[in-house]
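Going down the list, the sequences are from chains A and B. Just so we're aligned, residue 0 is where the first sequence starts under numbering that gives the first Met the number 0, counting upward by one. Just so we're aligned, residue 0 is where the second sequence starts under numbering that gives the first Met the number 0, counting upward by one. Have a look at the structure below before the remarks.
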Amino acid sequence: MTHACGVTRFVILLALCAVLGAPARAELRVDITEGFRAPMPIAVVNLFGDQPQETQVGKDIAQVVSANLERSGLFKPIDQKAFIQSAQTLRVMPNFGEWRTINAAALVTGTIQMRGDGQMRVEFRLWDVFAGQQLVGLAFSTEPQHWRRLAHKISDAIYKRMTGEEGYFDTRIVYISEVGPLTRRVKRLAIMDQDGANHRFLTDGRHLTLTPRFSPTLQEITYFAIVNEKPRVYLLSVDTGKQELLGDFSGMTFAPRFSPDGNKVIMSMALDGNSEIYSMDLRTRKVTRLTNDPGIDTSPSYAPDGSKIVFNSDRGGAQQLYVMETDGANVKRISFGTGRYATPVWSPRGDLIAFTRMHQGQFYIGVMRPDGSDERLLTSGFLVEGPTWAPNGRVLMYYRQTPVDARGRGGVARLYSIDLTGHNEREVVTPLEGSDPAWSPLIQ
Amino acid sequence: MNLKMIVGAAVAVFMLAACESTPETKATSTGSGSGQAAAPAPAPAAPAPMAKPAGPRPGSQEELNAQYGDRVFFDYDKSDVRADAAKTLDGWAAWLQKNGSARLTVEGHCDERGTKEYNLALGDRRANAVKNYLVARGVNANRLTGISYGKEKPTVLGSNEDAWAKNRRGVAVVN
């Protein structure tokens, strides 16, 4: 399934009215700022349809929603075998007493209908079981083949209502798929939905590719590749597959990243052993040099409001994080802990910067405020590297590689996600090994 | 030359001879199956394949490898040319003088103990340090090309000091 991004294919028909006009009470809510908390028990019922095809899609949607909610670590979907009330009678009204009996705090119900015009109409409702109250009611209309994205949109609506934060399920991941022994690895670009579905390779593996990043529109990916012994930054159109060398630089270009408005790519260029940070205007192709220091300057990342850039430099003797204005002025060091700091990435919310830290043989993924305060390490390992933010700034993805043992086994690279709280660390399953994940914005 | 330096040089030559068994790029695939653990060949028995009677073709990669070795090593997070690399690099410079039409690509590599983007920059620094050394020895800069592979192409499989030391390298590839 190739869904052109940026094209709205989903018509949200209406917000369904609450069936019961129950008065406001203590809200059913998931607090995602706390550390570990018990996940909320939620019952996700298969969407009800009359026809076999509707029944099947209704079941598929419920499974995808259930898996999304479970992976978030905030919800605990209840085994459908425990359900007492049938989907058919649920069309009329939930029997809240029966759902309380199986300890469901929240309930997801819905209907699905294939229509003569080729469109599929889906209604879904989220219920507060204890209050006996509808929390969300939405109706969607789309082509049946987009049922999976619809499931992600339903998941996002549930997440948003229960946490107060935007969801991150209707998103994609671009990453480097790896296969073969470390000394002869084939590394190529691959893309998939946030839950691993719709996986496909974007490059054929003939050239070494690294560090892909999405444009804000998701139409393009910028990445590093070595083609004909020339290490350079490239631009790839996701929909057409067209690849383009970005800029005419005399030295290696690497570490690219889009500006928040998508109009620029910021990157490093190395010439005669010295790396500096440049920005390129994609419309005029004008290149501006931002740093001027004999040290290594790399891994630049814009603040989401486009006002500042955080980057990695060893100008002070070892790798640390620095923040500067977008014209390169007012360079300030922000990392001061022991060890080395690398790969800073500004949160889409603007409040934090994620990074890789290396200290005494261990690697860490951590976050700090843009002024360097309140550093927190979220996870560690022999090698963990390259955090990327979910668009809501609450979840991070990165990759983890195991050491190679004396018999040459190991060196396995896998993608992982973790909550900003440091909880709910999980492998993001990929067909082959994986590294360098980049999380897309929410698909429009 | 005092005794200490001679010993140092001898050690360097020995290390280089040991490395010949794992030639970089081209002419690779020594037949060993892929998944097999190409362990970091420890001390015992590394019978350096000495030049056959015929000898390698003048100006070839094989000749450079046989005479001087194709690589030099760097310290962790450093790009300074080490003292034990001087003899090899002087050899490359002499070899380039003798083979006036030969060109070298100098690859800069890193161990796995760093981040990808920083290591691309560090590998570039290492390639550049080797190039600068050769230019200082009279080699025309336009016969040299540098390229960084960062930590992406280790030559020795292993997560230990010995493997890391061998992976932090500058490699000469004859064009």
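Don't be surprised by glycine CBs; every beta carbon is placed ideally from N, CA and C.
Contact annotation: the segment 288-305 of chain A does not touch the segment 234-252 of chain A, with fewer than three C-beta pairs closer than 8 Å. With respect to the C-alpha of G117/A, the residue from H145/A, Q132/A and N102/A having the closest C-alpha is H145/A.
Chain B has no Cβ within less than 8 Å of the Cβ of S258/A. A Cβ-Cβ contact shorter than 8 Å links P440/A with P390/A. When rounded, the separation of the alpha-carbon atoms in L73/A and T420/A is 12 Å. Around the beta carbon of N139/B, fewer than 16 other beta carbons lie within 10 angstroms, which makes this residue exposed.
Within the segment 45-127 of chain B, the runs of beta strand (DSSP E) at least 3 residues long that lie entirely inside it are, in chain order, 70-72 and 103-108.
T202/A is not a Cβ neighbour of R231/A, given a cutoff of 8 Å. Contact of E160/B with chain A by beta-carbon distance below 9 Å is absent, the smallest such distance being about 10 Å. G385/A and N227/A have their alpha carbons spaced roughly 26 Å apart. Just so you know, the alpha carbons of S298/A and Y132/B end up roughly 28 Å apart.
Residue contact with chain A for Y117/B: present (Cβ-Cβ distance below 8 Å to some residue of chain A).
Counting the other CB atoms within 10 Å of its CB gives P343/A a total of 16 or more, which places it among the buried residues.
Near chain A, meaning a CB-to-CB distance below 7 Å, the residues of the segment 122-137 of chain B are D123, R124, N127 and A128.
Boundaries cannot be given for H198/A, as no alpha helix (DSSP H) includes it and DSSP labels it neither H nor E. Looking at the DSSP output, P76/A bridges to I41/A. For P153/B, the residues of chain A that pass the 7 Å Cβ criterion are L181 and T182, in the order they occur in the chain. Residue range W146 to T162 is occupied by the alpha helix (DSSP H) that includes T162/A, with no beta strand (DSSP E) assigned at that position. Counting only Cβ-Cβ distances below 7 Å, I172/A has no contacts in chain B at all, with the closest Cβ about 17 Å away. For K331/A, the secondary structure class from DSSP, reduced to helix, strand or coil, is strand. Distance from D110/B to W163/B at the Cβ level is roughly 4 Å; contact confirmed, criterion being Cβ atoms closer than 8 Å. Here N118/B is buried. Its C-beta has 16 or more other C-beta atoms within 10 Å.
In the structure shown, the three-state DSSP call for R399/A is strand. Check the Cα spacing between D271/A and each of D83/B, S147/B and D74/B: the tightest is with S147/B. Between Y340/A and S334/A, the beta carbon gap of about 4 Å places them in contact (Cβ cut-off 8 Å). From the beta-carbon of N291/A, no residue of chain B is found nearer than 7 Å; the closest lies around 15 Å away. The segment 148-156 of chain A makes contact with the segment 67-87 of chain A, as at least three CB pairs between them are under 8 Å. Among the CB atoms of chain A, none fall inside 8 Å of the CB of S59/B.
Rounded to the nearest whole angstrom, the CA to CA distance from L281/A to Y301/A is 16 Å. With a threshold of 8 Å between beta carbons, D271/A makes contact with chain B. Here M92/A is exposed: its Cβ has fewer than 16 other Cβ atoms, across all protein chains shown, within 10 Å. Cβ proximity to chain B below 9 Å picks out D313, A317, Q318, R339, A341 and T342 from the segment 313-346 of chain A. Distance from the CA atom of Q319/A to the CA atom of N311/A, rounded to whole angstroms, is 6 Å. For a cut-off of 8 Å, the C-beta gap from M39/A to A81/A is around 16 Å, too long to register as a contact.
CA-CA distance, P180/A to I265/A, rounds to 32 Å. Going by beta carbons, K115/B and G145/B fall outside the 8 Å limit.
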